[in-house]
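One structure is given here, and the rest of the page talks about it.
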Amino acid sequence: MPSHFLGIDVGTGSARAGLFDERGEMLASAKRDIALFVEPGEIAEQSSRDIWQAVCASVREAVGKAGVDPRDIVGIGFDATCSLVVVGNDGEPLPVGRSGDSDRNIIVWMDHRALDQTRRINALKHPVLDYVGGVISPEMETPKLLWLKENLPETFAGARHFFDLADYLTWRATGSLARSVCTLACKWTYLGHERRWDDSYFYSAGLGELADEGFARDQPQFSG
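Per our numbering, the sequence shown starts with residue -1, numbered consecutively.
As structure tokens, then:
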């Protein structure tokens, strides 16, 4: 039987699914809009439940259009924005904003609430920043994590996992906690070339508890 592959791309405004054959030809595609909650103060949040529902609906439509037996789909790949997903025990969403709405459990890439935390981290001039262009961006994950710790300590302490959105989607689809080394190196300051975190960076930035935990909430295992 021929093999088929699913590609899923989650952007800021929609989730898109494409079904491909072994030659890389797209047989069908589908799209669903996703909600974006924007507030003053450069706040932008989303819902992992909403995004997952959009992904599933897009996949079902694309597969249906192509007329492919789902049993012939042998691979699936996820691509998504640099957005921070926070979940607690059993994967339930936790609130990341002062609204207290647990469904809004994603700090979107474009959210700039962590400008003060970003300035303080950059003032450290820690050597690990050399691997992200010399300065951290408020759109990367460590300033967002520090904002959560300082402003929503209950969410920070209660989080079972902190995910980049693409890694969250992989976990949601498969149950695997494997993380993309590319994602962690580019957005979380993981030293991919040395296969390690720099504990001193997190201690100096005010996130030492993540190092104390062995980064268990960020990096239980790896994928390529």
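For glycine and all other residues, C-beta sits at the position ideal for the given N, C-alpha and C.
Nearest-angstrom beta carbon gap, Glu20 and Ser45 [assumed within contact, 8 Å] = So it is not a contact: roughly 35 Å between Cβ atoms.
message = Taking only three categories from DSSP, how would you classify Phe213?
response = The three-state secondary structure of Phe213, taken from DSSP, is coil.
query = Exposed or buried, His159, counting other C-beta atoms within 10 Å across all chains shown (16 or more means buried)?
reply = The residue in question, His159, is buried, as its Cβ has 16 or more Cβ neighbours within 10 Å.
Residues sharing a beta bridge with Ile41, DSSP = In the DSSP assignment, Ile41 forms a beta bridge with Glu37.
query = Does the beta-carbon of Asn87 have 16 or more other beta-carbons within 10 angstroms, so that it is buried, or is it exposed?
reply = Result: exposed.
ask   = Is the segment 96 to 108 touching the segment 25 to 44 in the sense that three or more CB pairs, one from each, lie closer than 8 Å?
value = With the cut-off at 8 Å, the segment 25 to 44 and the segment 96 to 108 touch.
key: Limits of the alpha helix (DSSP H) - the one that Ala203 falls within   = 197 to 203 is the span of the alpha helix (DSSP H), which, as asked, contains Ala203.
key: Neighbour-count burial assignment, Glu139, 16 or more Cβ in a 10 Å radius   = Its Cβ being crowded by 16 or more others within 10 Å, Glu139 is buried.
request  = Measuring alpha carbon to alpha carbon, tell me which of Val66, Arg30, Val36, Cys180 ends up nearest Gln51.
outcome  = Closest by alpha carbon: Arg30.
query = So what's Asp171 in DSSP terms, helix, strand or just coil?
reply = What sits at residue 171 in the sequence shown is Ala, not Asp. Three-state result, Ala171: helix.
ask   = Nearest to Trp107 by CA position, among Val83, Glu137, Pro93, Gly75, is which residue?
value = Out of Val83, Glu137, Pro93, Gly75, Glu137 has the C-alpha closest to the C-alpha of Trp107.
key: DSSP three-state assignment for Gly75, whether helix, strand or coil   = Under the three-state reduction of DSSP output, Gly75 falls in the strand class.
key: Per-residue burial, Pro38 [other beta carbons within 10 Å of its own, 16 or more giving buried]   = Flag for Pro38 reads exposed.
ask   = What is the residue span of the alpha helix (DSSP H) that Ile134 lies within?
value = For Ile134, there is no enclosing alpha helix (DSSP H), as DSSP gives it neither H nor E.
request  = Tell me whether the beta-carbon of Thr187 lies closer than 8 Å to the beta-carbon of Val130.
outcome  = Yes, the pair counts as a contact, with Cβ atoms nearer than the cut-off.
query = At which residues does the beta strand (DSSP E) containing Ala176 begin and terminate?
reply = That run of the beta strand (DSSP E) goes 176 to 178.
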